[in-house]
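As structure tokens, then:
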């Protein structure tokens, strides 16, 4: 059945029922919720912790195409990219509102798959979907707002503006895997099954580093961003906001063997600028990073350091400590920025 | 200059500066704000009051066309429709996040006009714009999330589900004015200047009934919705959620003389189903409504009553108390619902 046959009210009713069945009353968000979907606004009991909010859209033709992203993965990802922002502030996600646009010709089962993907991730993080809006439009657009909070009023935030010269630059996980996955899907590349699965998963099902964000806060890290645009772009954001420079040693970049093996000299460009990894990029003293490495459930890699140079400047160094030309580092986009 | 020439980062920088200049540090939202636009998420100090959140999109071709809505009015309205939802819960709006999509060919001055309209209304209500997202897309879309709160943890909410048989049904302001304004603009109708100004204003600059919502809470009203879809549709929402019926006396509907005079027998249909009035529709005892009338800064009109009939049923009565056929009441749409 198509959405246009079910009608807007029918669709809202169907999605509301999915959401309310999935509502986890054990989670903190579930316990504090007073009203979810179905009134003029959602309502919950507030508390004195620091509140966080972020919004992000996944737009068809801009951020995804349905040829390379399934509906269920799209739902997961729409929520994941926002949870990643909350993670990068050192917060815990609590409530989600979803503004959805799609053509009337969309199959109802595709929309329920979208919500199933969203609810799967929401459940993992105890997030309650509490509101939304549904419109008929020519292209699919999922705009998700997440409201979260720090554990307490006293907990410090992870910001872009707290990096200090002398600190090391580190990242969680691996870089370039999602971009490699997108390239594999777009160009119909074929590798061994395990490599293909890990690349596809990195692109389609990014796993927000919420637990790692909490570890960063707990060990005194202050400057953090999530990598959505790509390592260099996002490190520039930190450097601009903190009025510092950064040096990256390209030989240190953590790149999955599956990416190195299958993308050869393209791997570096993917790691530097591929984007959509949703890893956390942070700066701290070597001492703090050692403690983070010991506590984190994922690999943590030091990739460079913060320096007192020109605000916003990011320099790449090769294995001998010589500067690397950005334009030669593997991604065309650099030439125009 | 076009948005594509300025670039996404340039546009975000321009809009962030507009927003931060407008930030009212005297408002409660302004005082509690820790971080606005510019990091991975906005952050503010929470409190123990009941928190409210709602999201709504204004999409080009679905909710507006640029031929009848100016950019500055579009900004005002994108925020207003959401503040109206918070008002209808008995809450006060605090923080806004704006996800904006527009074509690269849009003039930068049109986007700044959009934000100027939004900031004008935000200032009136002490709302801080704290986050956003900007994308290049073929059609304009403004998805606004508002986070608000009740005055205290003890304040009751205005919900759709609290209507009781025997209560009167009342509305703030006038009905059908916005729809009359849209018709005037679409069909290039010409009336006297004062009438045209009031109709255009009702359509282009709806004024959210936040103060009136507070008066409703203060006097013990419990069931409220804002009229976005039209009186009948929205009253049905109350009746469905409250498992009751309602009777409306059509002779009592408050319609502006400018609408009655210029739309003749179409005026009734506009009042019943025109939508976009963003007035508050509520139910309460006659005694409570008397107190609301005495306290409210705008007209409050009793238009009918809640009865114990079939859940969701809305009946229209003429001056003699006889049922009116919906299909004859002036709006084609009724025939298909």
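Chains as they are written, first to last, in my numbering: chain A, 4 to 340; chain B, 4 to 340.
Just so you know, even glycine gets a beta-carbon here, dropped at the ideal spot from N, CA and C.
- The C-alpha of residue 216 of chain A lies about 39 Å from the C-alpha of residue 13 of chain A.
- Excluding residues up to 5 positions away in sequence, nothing lies with its Cβ nearer than 6 Å to the Cβ of residue 328 of chain A in the same chain.
- The alpha-carbon of residue 224 of chain B is positioned some 29 Å away from that of residue 99 of chain A.
- Burial is judged here by how many other beta carbons sit within 10 angstroms of a residue's own beta carbon; residue 16 of chain B has fewer than 16 and is exposed.
- Between the C-alpha atoms of residue 319 of chain A and residue 307 of chain A there is a straight-line separation of about 9 Å.
- The beta carbon of residue 47 of chain B sits closer than 6 Å to the beta carbons of 35, 36, 37 from its chain, once the five residues preceding and following it are set aside; these are given in chain order.
- Within the stretch 45 to 61 of chain A, contact with chain B at the beta-carbon level (separation under 8 Å) is assigned to 45, 46, 47, 48, 49, 50, 51, 52, 53, 54, 55, 56, 57, 58, 59, 60.
- Residue 67 of chain A is bridged by DSSP to A:63.
- Residue 149 of chain A and residue 86 of chain A do touch by the CB rule: their CB atoms are close to 6 Å apart, below 8 Å.
- Assigned with DSSP and collapsed to three states, residue 311 of chain B falls in coil, not helix or strand.
- Against chain A, the CB of residue 22 of chain B has no partner CB under 8 Å away; the residue lies outside that interface.
- Taking 9 Å as the Cβ-Cβ cut-off, the stretch 151 to 163 of chain A approaches chain B at 151, 152, 153, 156, 160, 161, 162, 163, given in chain order.
- If you compare the alpha carbons of A:204, A:130, A:91 with that of residue 160 of chain A, the shortest gap goes to A:91.
- With contacts defined by Cβ atoms closer than 8 Å, residue 163 of chain B and residue 42 of chain A form a contacting pair.
- Counting other Cβ atoms within 10 Å of its Cβ, residue 156 of chain A stays below 16 and is therefore classed as exposed.
- The beta carbon of residue 143 of chain A sits closer than 6 Å to the beta carbons of 63, 105 from its chain, once the five residues preceding and following it are set aside; these are given in chain order.
- Distance from the CA atom of residue 111 of chain B to the CA atom of residue 18 of chain B, rounded to whole angstroms, is 10 Å.
- Excluding its 5 nearest sequence neighbours in each direction, residue 233 of chain B has C-beta neighbours in its own chain below 7 Å: 275, 276, 277, 278, listed in chain order.
- In this structure, residue 39 of chain A lies away from residue 77 of chain A, with their beta-carbon atoms at least 8 Å apart.
- With contacts defined by Cβ atoms closer than 8 Å, residue 292 of chain B and residue 309 of chain B do not form a contacting pair.
- Excluding five sequence positions before and after residue 30 of chain B, the CB atoms of its chain that fall closer than 8 Å to its own CB belong to 129, 130, 131, given in chain order.
- When the five nearest sequence neighbours on each side are left out, the beta carbons in the same chain lying within less than 6 Å of the beta carbon of residue 181 of chain A are those of 205, 206, 279, 280, in order along the chain.
- Within chain A, 56, 57, 58, 148 have C-beta atoms less than 9 Å from the C-beta of residue 100 of chain B, given in sequence order.
- Proximity of the stretch 50 to 69 of chain A to the stretch 48 to 61 of chain B meets the contact definition, three or more beta-carbon pairs being nearer than 8 Å.
- The C-beta of residue 38 of chain A comes closer than 8 Å to at least one C-beta of chain B.
- Listed along chain A are 42, 43, 44, 46, each with a C-beta nearer than 8 Å to that of residue 92 of chain B.
- Contact between residue 83 of chain B and residue 211 of chain B holds, with the beta-carbon distance rounding to 5 Å and staying under 8 Å.
- Pairing residue 80 of chain B with residue 61 of chain B gives a Cβ-Cβ distance under 8 Å.
- When C-beta distances to chain B are compared with 7 Å, every residue of the stretch 272 to 293 of chain A stays at or above that value.
- Judged by DSSP secondary structure, residue 252 of chain A falls within the beta strand (DSSP E) whose first and last residues are 248 to 252.
- Residues of the stretch 239 to 273 of chain A with a C-beta less than 8 Å from any C-beta of chain B: 244, listed in chain order.
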